[in-house]
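In the working numbering, the protein residues as written are 171 to 426.
In this text, a Cβ means the ideal position worked out from N, Cα and C, and glycines have one as well.
The following block contains the structure:
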């Protein structure tokens, strides 16, 4: 059976995991949530890389054949060193789908990319934007609190109205700018696609389907048998143990 590992500072990578459940249902998944060391944003690249190495070693104990760095910040900070230190392991990173602008037909399109502050400041993101958007057709907005709000609501989904109100406040400055599309540059953001599209009245563009397709292309035994597992393994660095969870519960707080 295919074994795939994923990690993030929290539950943001669930957006990728959910996509993988659809395209590679027969695989066995091991998801590491580094909650004890979250958020990654204020940390240095070396601190994040040190955590990424420890997490990779834990995932390799589960005999995973591929690891998804399911976090924009960790990808920007660590993926090059991970590939150097573990040359036998295929790593799949996540970056904003900035070439979306040039793949869409010409016409009425006004596009922005939304990131966390840390991703927006990273050299990897700056280089990516210079390479894929040399004419600066895509406006960039770093959001200070959105990932934190999503993470907090997942663990404490007791006040949906308050959560929606806080998300609206975070996005308020964008509502009058009349964008047609928003590229989601943090894995937390696709978890609330329906909120983003409703509040901003636009279409969102997520990297998750492309990451899932890349995983499918890389796994040695491409078994997409519809008779899938019903669970996945979850590790929180706060609890420090693996737990078996139901796939059907993955996005429960955001689907209610």
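Query raised in the report: Nearest CA to the CA of residue 313: which residue from 379, 294, 340?
Result: Along the chain shown, one-based indexing puts residue 313 at 143. Closest option to residue 313, Cα to Cα, is 340.
Requested in this report: Pick out whichever of 374, 422, 238, 229 has its Cα sitting closest to the Cα of residue 268.
Outcome: For this step, residue 268 is matched to residue 98 along the chain shown. Of the listed residues, the one whose Cα sits closest to residue 268 is 374.
Query - Span separating the alpha-carbon of residue 234 from that of residue 411 - result: Locating residue 234 in the chain shown gives position 64, counting from the first residue. Locating residue 411 in the chain shown gives position 241, counting from the first residue. Going by the C-alpha atoms only, they are around 17 Å apart.
Query raised in the report: Which one of 369, 179, 366, 322 has the shortest CA to CA distance from residue 212?
Result: One-based indexing of the chain shown puts residue 212 at position 42. Residue 212 has its Cα closest to that of 179, out of 369, 179, 366, 322.
Query - Residues near residue 372 by beta carbon distance below 7 Å, same chain, minus five either side - result: Residue 372 sits at position 202 when you count from the first residue of the chain shown. Contacts found: 349, 350, 351, 352.
Query raised in the report: Where does residue 400 fall in DSSP's three states?
Result: Position 230 of the chain shown, counted from the first residue, corresponds to residue 400. Of the three classes helix, strand and coil, the one that applies to residue 400 here is coil, per DSSP.
Requested in this report: Quick one: residues in its chain with C-beta nearer than 7 Å to the C-beta of residue 256, no 5 flanking neighbours on either side, listed in chain order?
Outcome: Position 86 of the chain shown, counted from the first residue, corresponds to residue 256. Counting only Cβ-Cβ distances below 7 Å, and skipping sequence neighbours, we find 226.
Query raised in the report: First and last residue of the alpha helix (DSSP H) that includes residue 325?
Result: As a position in the chain shown, residue 325 is number 155, starting the count at 1. That run of the alpha helix (DSSP H) goes 316-325.
Report task. Compare the Cα-Cα distances from residue 416 to each of 200, 171, 173, 177 and report the closest residue. Result -> Numbered from its first residue, the chain shown carries residue 416 at position 246. With distances taken between Cα atoms, residue 416 lies closest to 200.
Query raised in the report: Counting pairs of beta carbons, one from the region 214-222 and one from the region 188-203, are three or more of them closer than 8 Å?
Result: no
Report task. Kindly give me the distance between the Cβ atoms of residue 243 and residue 288, rounded to whole angstroms, as I take these residues to be in contact under 8 Å. Result -> By one-based count along the chain shown, residue 243 stands at place 73. By one-based count along the chain shown, residue 288 stands at place 118. Right, the Cβ-Cβ distance comes to about 5 Å (below 8 Å), so this counts as a contact.
Query - residue 352 - DSSP class collapsed to helix/strand/coil - result: On the chain shown, position 182 is the one that residue 352 refers to. Correct three-state label for residue 352: strand.
Query raised in the report: In chain order, what residues of the same chain have a beta carbon less than 7 Å from the beta carbon of residue 294, not counting five sequence neighbours either side?
Result: Taking the first residue of the chain shown as position 1, residue 294 is located at position 124. The residues are 246.
Query raised in the report: Are the beta-carbon atoms of residue 337 and residue 316 separated by less than 8 Å?
Result: Working through the chain shown from its first residue, we reach residue 337 at position 167. Working through the chain shown from its first residue, we reach residue 316 at position 146. Yes, the pair counts as a contact, with Cβ atoms nearer than the cut-off.
Query raised in the report: Taking residue 388 as the reference, which of 318, 258, 342, 426 has the closest Cα?
Result: Taking the first residue of the chain shown as position 1, residue 388 is located at position 218. The option with the nearest alpha carbon to residue 388 is 258.
Report task. With DSSP collapsed to three states, give me the class of residue 185. Result -> Locating residue 185 in the chain shown gives position 15, counting from the first residue. Helix, per DSSP.
Query - Pairwise C-alpha distance: residue 230 and residue 216 - result: As a first step, residue 216 must be located in the chain shown, where it is residue number 46. As a first step, residue 230 must be located in the chain shown, where it is residue number 60. Cα-Cα distance, rounded: 21 Å.
Requested in this report: Can you tell me which of 266, 181, 377 puts its alpha carbon nearest to the alpha carbon of residue 308?
Outcome: Position 138 of the chain shown, counting from 1, holds the residue named residue 308. Nearest of 266, 181, 377 to residue 308, Cα basis: 266.
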